[in-house]
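Participant: Chains as they are written, first to last, in our numbering: chain F, 1 to 349; chain U, 1 to 535; chain R, 1 to 592. For each residue, glycine too, the CB sits at the ideal point set by N, CA and C.
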Amino acid sequence: MAMVSLTINGKKITVPDDLTILEAANRHGIAIPNLCKHPQLTPFGGCRLCVVEIKGVPRPVASCTTPVNEGMEITTVTEQLEQHRKFVLELILSDHPNDCMTCESTGSCQLQELAYTYGVKGQEYAGERRTYAKKDGNPFIERDLEKCILCGRCVKVCQEIQGVEAIDFGYRGFKSKITTAYEDDLNCEFCGQCVHVCPTGALTGKLWKRKGRYEGVKETDTVCPYCGTGCNITVHSKNNEIIRITSRPWTWNEGFLCVKGRFGYPFVSSPDRLTKPLIKRKSGEFEETTWTAALEYTASWFRKIREEHGPDALGGLSSARCTNEENYLFQKFMRAGIGTNNVDHCARL
Amino acid sequence: MTNSIADIEGMEVIFIIGSNTKETHPVIANRMIKAYRKGAKIIVADPRAVPMVKFSELYLPMRPGTDIALLNGMGQVIVQEGLQNDEFIRDKTEGFDAWKDSVRDFTPERVSKLTGVPKDDIIRAARLYGGSRKAGIFYTMGITQHTCGTDNVKAIANLATLTGNIGRPHTGVNPLRGQNNVQGASDMACAPNVYPGYQRVDLPEVQQKFEQAWGKKLSPKPGLTTTEMIHAAHDKRLKGLYIMGENPVLTDPNQHHTIEALKNLEFLVVQDIFLTETAKLAQVVLPAACSYEKEGTYTNTERRVQRVRRAVNAPGEAWDDLSIIIALSRHLGYPMEYRSPELVFNEFAGLWPALGGMTYDRLKGRGLAWPCPTPEHHGTEYLYKDGFPKGKVPFVQIAFKEPAEVTSDDYPFILTTGRNLYQYHSGSMSRRVPPIEKHAGRAYVEMNRSDAERLSVADGDRVIVSSRRGEVTIAVRVTNQVSAGTLFIPMHYAEAAANVLTNDALDPTVKIPEFKVCAVQVTSAPKAASLATGG
Amino acid sequence: MASETLIRVCMGPAGIAAGGKQVIEAFHAALVDAGVSAQVRERCSSHQVGCMGLCARDVLVEVHQGDVKTVYQYIKPDMVQRIVDEHLVAGKPITEWLVDEVYASFYRKQIKVVLADCGRIDPEDIDAYEAVKGYEAARECLTNRRPEEVIEEVKMSGLRGRGGAGFPTGLKWELGRKSRGDDKYIICNADEGDPGAFMDRAVIEGSPHAVIEGMIIGAFSMGARNGYVYIRAEYPLAVERLKKALDQARTRGYLGKGIFGSAFDFDIKIKLGAGAFVCGEETALIASIEGMRGMPRPKPPFPVNRGLWQKPTVINNVETFANIPAIIRNGCGWYAGFGTDKSKGTKVFALTGKIKNPGLIEVPMGITLREIIEEIGGGIESGRPFKAVQTGGPSGGCIPASMLDIAVDYESLAKVGSIVGSGGMIVLDADDCMVNVAKYFVQFTQSESCGKCVPCRVGTKRVLETLERITTGKGKEDDIERLEKLAGGIKAMSLCGLGQTAPNPVLSTLKYFRDEYEAHIRDKKCPAKVCKGLLTYSIDEATCKACGACLRACPSGAVSGEKKKPHRIDAAKCVRCGACFEVCKFGSVNRE
Ligand SMILES: Cc1cc2nc3c(=O)[nH]c(=O)nc-3n(C[C@H](O)[C@H](O)[C@H](O)COP(=O)(O)O)c2cc1C
Ligand code: SF4
Ligand code: SF4
Ligand code: SF4
């Protein structure tokens, strides 16, 4: 691949020639504000915040879509550019509910962060705001499109990554809106990829509502308990309750999950969870008991059968949902503790 | 998987056979779609027009149970057209000539008759796969859950061997594992014939190694597999069973047989997070912690060992499985004392060289794919880079057999089973997720439009599907995803359990039951029945 | 004599609307009755002639007798009998129906290159086109010239894109030729979304083969094997004629494999557009052909490098292509002979508004606005003072009366804050409110914005809201400043041409008619008396006849009065609808 040399803010850099200015800048630690660009998606060029000046080019250009060229002299911050960015932010916020106080995404919202950085409140060009009465009734994803800034990321991720194309831009002008076909309730794979890439509070999980944002929330990086893909997830919990599951963009699964990984956690707090050891009485009914009693009872049965019929009259089935450590110890228990090789799991099933 | 998931993005050809990747491994499908956007050609061979077909260059709608014919047929065309990788065959394989003779009569014409796939498409598929040196094959239970499952896998390996599409980036033979830690459970030797790391129980030096490590005399006699244990329990040869986190009543074939077997046991202890259908049959039920409540490691389908961390505490008096096993062992008089999962990990990492270089500390971040033999090793993103374990890869001759159960006048439909996107396995977790239940909480049988018309049933009507082993009442979903004559029932729904119907005939080698093919009939359910079981 | 009689009836869109078809039927009937039918040559019969230009005077009828041409205007079917009787039979033209002096000067200043054949030949007949040397240029290029030579010829002609931006056509083709790739595309942009323009439709309806020939030459030059015409579905006649023309060209072997016996293969498909203005923007047009929502993409990469399906693509306007055959036939020098230093050749304009002779005109670049408005257009229809001319449609600006003597070319119009654009030209008189004109165009761009980028989607909305405020009397002191800030930001930050030019109507009116804005904001008055919200109504007691008409007409009960007593308007109740003003027969309602 050919390399090109250019300067950004006076710094000379050499990068592969298939990068955009934004990518080149990011690679060299120069941040350029933006809202519609997502590293895993093709550039959109709609938010206009990533504009830069190139020597010899009369207009500011969007760095997310402009390829680098040999000898370019680029400036990412000038008074004029910052003015332009503020202008765009003012306009975005002029059509935004600005209810960060109760918004699910406070603290993880890129729009909020930029407004904060630029000190923009959205009053300069106050005017009509889009309002929508109808709420989307799907069970997974809250679509609060009044907060949508039409960055197009959700549309792109649904098409480019998920291949579903459940949503697209609809209408024109100020009425433009991300819509489903015929404005029906969302009915898709509910992977939540769109939620993951949405830079605002427009798309969130219905399960998350009012459960907690950042204050007092613990984040635990772990692995999804469902299929064998083993996606990396981050479990957000508050007061010993899982309130949300996300995935970080730099995991090998690139932050993408499926419906089960992202929204399949409520079973954890199901009232059906077993919380005490149970022993079946003669009547056939289960009765709660203590650990000691349950374990001793079990051990006595194992001893009895082993004594009467030999260790091979006992068997153990372990689980492909348990950890390596548990599986290891289970077979060790069966082999060394009981004395049989009758141990299997359900890989085959 | 011989290759990694991220590696898929660079493939030129992706051959998916017997895997509904988009629904069972959605995030792997994302990688495939990314490859597709970069120009990769995707071939899908499946009795159902699974969602990945949308992205395919070529879709081969084969009759269930005819994978070997198709795979051999593709091999035949590849040889016929000289697309094989001669250098690879010469240097790294053996048995090519004999194998070549064995596939000679798998001509496209004959294979087309056997599989129902048009002749030209078989040739095109062979050209696509054989013509690329960056081609990967992917499969799941659609390949393994047959009486000929082992042969299917070998037939796949033959294709990869023939074209040298293995042992390099963007190639490989890539089984996609169904459950989160199937790979790890296999590695950890929850299997009757091997110790951790696939070290055979019947080899004296291995036995000695483990006796030394565990300080106990060990049995050299291979044990019983899951399905064999169920059969043994049924025959009362097996008296006691310890089940940790499994629900065979729902997941094993021939449900009535399974329930009888478990009832025949003298003692059953089940350790689980819910009172499952299986746990209900137990004498003792031990409450366990779930995935989000414990520490440890999982190994995913690409052999990546990753850390599991506790996010919340288990409810009530539930314990994590590790503590339960340790305590039970203590009660049994074989104390195994570990203060943390990490110590357990270190013990088995020391017993299996493939994990020798791993520690919890090194697993931070993205984890490591085995083999990772030394502390300096970065893990193995794709296998066989430096050759094959047994020196040369053998070509294996494989004969085509019809599935164990074929259709008859009484049972005119072929039933296949599998998963859908939203639910998971026996449903003990996913069916307790309210939004999932709301969206996908009803059992259904997929039926081709033409069959539905012939039987005059409409979408949503309830029918009785019965096999030689049992029957379920279930709503019809009319679709063109399945071809005429074939039905599909997802396995997740206890109220209409597919495994009431399925056949427990086993693959002779690895003892996997034939979930994917059984013969059934369909009759319409009486109105009363639909009321009684409705919803 | 009579055997050489030929009758041509205008059947352009305006002609059809004015009843051209009925006129034709009337001729057929009358000719049969009069027994002169045999003398009409059927081929050039009064059948489906493309637009002639002076559509305001439709139905226009030409009677050719030998070298003598007589032109009638405003002909209705019931007038046909008399033409046949007096003119054709008796040989005496009907003088009072003839076109007037205006009609003559309408043509004097025009030079027809693109429109030369429109209305003269049968657009549905490839022979008619070939009879006027049609396809000679393409044949010449494909059989005798190298692509580079053709490109050079076009470059030397100075032809610039007629779709709006005025990019040199030869240069674009050269970039297309040099761009690497086997698969290349050429696209004719016939989306024509500018509300005031209809020349592209006229050209396709009047001479579709010229466009096809231009595309063949362009395709040969750049090396494209596939072409598209992207045409709006609202132009059914144009689409139908284009389809016919493509079929005819294919049958003759002018499209398809081995065109003109050369090794060159090329064919053209039609793609119907849904009528969104933004789909005329080239990258949005490409997205639309690819089956996606018509949304512009940032440039670079430019279509010549990565266009349709990511392949090198040249996009030109209908009029641009229609110029090509004449340039090749007559040479670049001939074409460059028209126009100015930097703007060569002729341009078609759609002259509309308060003008005597509205219609399509074709003039050499560099002609003055005054010549167009006064000589070709015949001046202001109403006789009210001329105020301004709006050029370039929603992307353009308003040029005040004081600048009537500027030349009409790319550079001069840009200098005064407007553009040539696609050639819309709306003449405004003293009864037009400039704030309202600006509002009209912003309304259009706002509703047509694709919604992709913030400055255009939200910014134009804020501009519109401000203009609405001003025109309804709610303008604030700092609104002008706000408009200027918004306009500047939108121009600088919008992604595509739509947004970048959307503020032009506002900026140019602010520049030349700031006083009107101020009158609206400070005095709450609309000087042109257009903005209803700013008008006040009162009744002149002296002339009021107390007829009660206004009282009955007022929807809000603001008028009070009794019989024989002058009526009154209660300003507090008045909703400023103007109903009283309209109904008063005695002019007693004052409007200010
Ligand atoms: C909003 C917008 C609308 C446009 N509409 C048209 C149109 O209707 N027809 C057209 O030929 N060009 C239109 N253009 C210009 C095209 O993008 C493009 O420049 C032109 O088709 C190139 O052809 P030319 O070089 O022959 O002018 C439009 C541009 C913009 C920004
Ligand atoms: S949840 Fe997934 S499938 Fe549904 S709209 Fe979002 S990205 Fe598309
Ligand atoms: S919903 Fe979110 S991701 Fe989608 S366009 Fe709106 S702001 Fe962007
Ligand atoms: S300027 Fe307007 S029309 Fe153009 S891309 Fe932006 S929103 Fe769309």
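(1) Quick check on G212 (chain F) - is its C-beta less than 9 angstroms from some C-beta in chain R?
(2) I5 (chain U) touches chain F at which residues, Cβ-Cβ below 8 angstroms?
(3) At a threshold of 8 angstroms, does L495 (chain R) count as lining ligand 4 (C-beta to nearest heavy atom)?
(4) Classify Y292 (chain U) as helix, strand or coil using the three-state DSSP reduction.
(5) Is any beta-carbon of chain F found at less than 9 angstroms from that of K452 (chain R)?
(6) So, with DSSP's three-state summary, where would you put A190 (chain R)?
(7) DSSP on L111 (chain F), reduced to helix/strand/coil?
(8) How would you label S56 (chain U), buried or exposed, when you count the other beta carbons within 10 angstroms and need 16 or more for buried?
(9) Answer yes or no: does any C-beta atom of chain F fall closer than 9 angstroms to that of K461 (chain R)?
(10) Can you give me the start and stop residues for the alpha helix (DSSP H) that N448 (chain U) sits inside?
(11) Taking W97 (chain R) as the reference, which of R:T346, R:P325, R:V61 has the closest Cα?
(12) Quick one: is the Cβ of L498 (chain R) within less than 8 angstroms of any heavy atom of ligand 4?
(13) Helix, strand or coil for C51 (chain R) per DSSP?
(14) Could you check whether the Cβ of K415 (chain R) sits closer than 9 angstroms to any Cβ belonging to chain F?
(15) Quick one: what's got a C-beta closer than 6 angstroms to P385 (chain R)'s C-beta in the same chain, skipping five residues either side?
(16) Between which two residues does the beta strand (DSSP E) holding I16 (chain U) run?
(17) List the endpoints of the continuous alpha helix (DSSP H) containing E292 (chain F).
(18) Helix, strand or coil for A18 (chain R), going by three-state DSSP, please let me know.
(19) Starting from T226 (chain U), trace the beta strand (DSSP E) both ways and give me its first and last residue.
(20) What did DSSP end up calling C550 (chain R) once you bin it into helix, strand or coil?
(21) At what residue ranges does the region 79–132 of chain F contain a whole run of the alpha helix (DSSP H), taking only runs of 4 or more?
(22) Establish whether the CB of A438 (chain R) and some CB of chain F are separated by less than 9 angstroms.
(23) With DSSP collapsed to three states, give me the class of T42 (chain F).
(24) Is there a C-beta anywhere in chain F that falls below 9 angstroms from the one on Q521 (chain U)?
(25) Could you check which residue in F:N138, F:H38, F:L111, F:E215 has the C-alpha nearest to that of D184 (chain F)?
(26) Using a Cβ-Cβ cutoff of 9 angstroms, what residues of the region 300–313 of chain U are near chain F? List them in chain order.
(27) What residues match up with A45 (chain U) in a beta bridge as DSSP calls it?
(28) Would G119 (chain F) count as contacting chain R if we go by Cβ distances under 9 angstroms?
(29) Strictly below 7 angstroms CB to CB, what residues from chain F border A189 (chain U)?
(30) Output the boundary residues of the alpha helix (DSSP H) element that contains Q255 (chain U).
(31) Spell out the partners DSSP gives C518 (chain U) in its beta bridges.
(32) Tell me where the alpha helix (DSSP H) around K491 (chain R) begins and ends.
(33) Quick one: which residues of the region 77–96 of chain F get their C-beta closer than 7 angstroms to a C-beta of chain R? List them in chain order.
(34) Thinking just about the alpha-carbon of each residue, which of R:D100, R:A104, R:K133 is nearest to the one in A116 (chain R)?
(35) Would you mind telling me which residues of chain F sit closer than 7 angstroms to P455 (chain R), beta carbon to beta carbon, in chain order?
(36) Measuring alpha carbon to alpha carbon, tell me which residue in U:L262, U:C518, U:G379, U:A49 is nearest G65 (chain U).
Facilitator: Reading it off the structure:
(1) no
(2) T229, W252, N253
(3) yes
(4) helix
(5) yes
(6) Here A190 (chain R) sits in strand by DSSP.
(7) helix
(8) Under this definition S56 (chain U) is a buried residue.
(9) yes
(10) Where N448 (chain U) is concerned, there is no enclosing alpha helix (DSSP H), although the beta strand (DSSP E) it sits in stretches over 444–448.
(11) R:V61
(12) yes
(13) Below a pLDDT of 50, predicted positions are generally treated as unreliable, and C51 (chain R), at 43, falls in that range; the measurement from the model is reported next regardless. Correct three-state label for C51 (chain R): coil.
(14) Proximity of K415 (chain R) to chain F, defined by a Cβ-Cβ separation below 9 angstroms, is not satisfied.
(15) A430
(16) 13–17
(17) Just to set this straight, residue 292 (chain F) is Thr in the shown sequence, not Glu. First-last of the alpha helix (DSSP H) with T292 (chain F): 291–309.
(18) In this structure, DSSP gives A18 (chain R) a state outside helix and strand, which the three-state scheme calls coil.
(19) Where T226 (chain U) is concerned, there is no enclosing beta strand (DSSP E), although the alpha helix (DSSP H) it sits in stretches over 226–234.
(20) The answer is helix: DSSP assigns C550 (chain R) an H, G or I state.
(21) 79–94, 110–118
(22) Against chain F, the CB of A438 (chain R) has no partner CB under 9 angstroms away; the residue lies outside that interface.
(23) coil
(24) no
(25) F:N138
(26) Answer in chain order: N300, T301, E302, R304, V305, Q306, R307, V308, R309, R310, A311, V312, N313.
(27) U:I17, U:L60
(28) no
(29) Q331, listed in chain order.
(30) Element bounds for Q255 (chain U): 255–264.
(31) U:L415
(32) 479–493
(33) H84, F87, V88, L91, I92, S94, D95
(34) Measuring from the Cα of A116 (chain R), the nearest candidate turns out to be R:K133.
(35) R48, V88, L91
(36) U:C518
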